[in-house]
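A.B. asks: Before I ask anything, let me first share the structure, which is written out below as structure tokens.
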């Protein structure tokens, strides 16, 4: 049978839910199968009054209210890691895209994890989301070697060197003006964690994503060598079975056409299976990103490996 539980939010971790469920009597008590939660709740307290319980339902049409503890997956927001350059690039469309992506994240209550920079696309997406959702919605993770708590002269050098660094890769992009103790004002860019090395940074970003709720994943805006390296590592981790969330290229103005063409050619030449060729998803508009994250289906060509606690 199917019934509806009364929705009466308590504003706590424990709350009533509105959902359809099936009631059955099994060894150990009455079981409620809630398909929308993909789990079962044992109602052993009703075991001794089984007949009275069903009489209440069928004769008196009693409304059932079960207070169920919300699972982590139900209460946690999505966490999305964004890879991108820390320079604005030559076309203003990329900075506009960074702002639009932050607005989309705010709309869907998405939390951002990113590389911790304050300039270019990185700074723009972080600043915009903080302005909309608050500092707690953004977490930057950056290696200590890439942080420079500048003196007045150091800040001047950063500003003078920013233009010449635009096409050289991500290391030069991560020089940060002094503000808070770690050089990055939380009120503008959210929480910042400084880590010892690049590997720790990527591992921590991935961990934050995997701790998130439905819709968590990785998204890439335009960027240089470092951005491509990050995207391809997360794509490889998906193929190896380390994670099973989406990796989405936001392909504005055809920026990622070359990389996507390479993937297609690798499939054609037999180096990537056709199913794994779909691991790296493409979104041509900002509005396509969230649906791609939520609807992502894992490739059936992924390796089934046991990575333990990796």
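In full-length UniProt numbering, the protein residues as written are 1 to 310.
Just so it is clear, CB atoms sit at the ideal spot from N, CA and C, and this is done for glycine as well.
Using a Cβ-Cβ cutoff of less than 7 Å, which residues in the same chain neighbour residue 230 once the five nearest sequence positions on both sides are dropped?
C.D. replies: In the chain shown, residue 230 corresponds to position 230, counting from 1. 83, 202, listed in sequence order.
A.B. asks: With DSSP as the reference, label residue 217 as helix, strand or coil.
C.D. replies: On the chain shown, residue 217 is found 217 positions in, with the first residue counted as 1. Strand, per DSSP.
A.B. asks: Have a look at residue 232 and residue 280 and give me their C-alpha separation to the nearest angstrom.
C.D. replies: For this step, residue 232 is matched to residue 232 along the chain shown. For this step, residue 280 is matched to residue 280 along the chain shown. Cα to Cα, the separation comes out at about 9 Å.
A.B. asks: Does the separation of the CB atoms of residue 142 and residue 116 fall below 8 Å?
C.D. replies: Locating residue 142 in the chain shown gives position 142, counting from the first residue. Locating residue 116 in the chain shown gives position 116, counting from the first residue. It is a contact, given that the beta carbons lie within the stated cut-off.
A.B. asks: Give the DSSP-derived three-state secondary structure of residue 279 in the structure shown.
C.D. replies: The sequence position of residue 279 within the chain shown is 279, counting from 1. Of the three classes helix, strand and coil, the one that applies to residue 279 here is coil, per DSSP.
A.B. asks: Could you tell me which whole alpha helix (DSSP H) segments of length 4 or greater appear in the stretch 67–133?
C.D. replies: The stretch 67–133 contains these whole alpha helix (DSSP H) runs: 72–75, 93–107, 120–133.
A.B. asks: How many angstroms separate the CA atom of residue 255 from the CA atom of residue 120?
C.D. replies: On the chain shown, residue 255 is found 255 positions in, with the first residue counted as 1. On the chain shown, residue 120 is found 120 positions in, with the first residue counted as 1. Between residue 255 and residue 120, the C-alpha separation is close to 16 Å.
A.B. asks: Do the stretch 209–217 and the stretch 234–247 make contact, defined as three or more Cβ pairs closer than 8 Å?
C.D. replies: Touching, yes.
A.B. asks: So what's residue 291 in DSSP terms, helix, strand or just coil?
C.D. replies: Counting from one through the chain shown, the residue named residue 291 turns up at place 291. Helix, per DSSP.
A.B. asks: Expressed to the nearest angstrom, what Euclidean distance is found between the alpha-carbon atoms of residue 75 and residue 109?
C.D. replies: To locate residue 75, count along the chain shown from 1; it is residue 75. To locate residue 109, count along the chain shown from 1; it is residue 109. Going from the Cα of residue 75 to the Cα of residue 109 covers about 11 Å.
A.B. asks: What are the boundary residues of the alpha helix (DSSP H) that residue 147 is part of?
C.D. replies: As a position in the chain shown, residue 147 is number 147, starting the count at 1. Unbroken run through residue 147: none, as it is neither H nor E.
A.B. asks: Is DSSP giving residue 243 helix, strand or coil here?
C.D. replies: Reading the chain shown from its first residue, position 243 is the one you call residue 243. Residue 243: coil per DSSP, three-state reduction.
A.B. asks: Counting Cβ pairs closer than 8 Å, one from the stretch 123–139 and one from the stretch 258–274, do we hit at least three?
C.D. replies: The stretch 123–139 is not in contact with the stretch 258–274.
A.B. asks: Count the other C-beta atoms from every protein chain shown that fall within 10 angstroms of the C-beta of residue 127, then say buried if there are 16 or more, exposed otherwise.
C.D. replies: Within the chain shown, numbered from 1, the residue matching residue 127 stands at position 127. So residue 127 ends up on the buried side.
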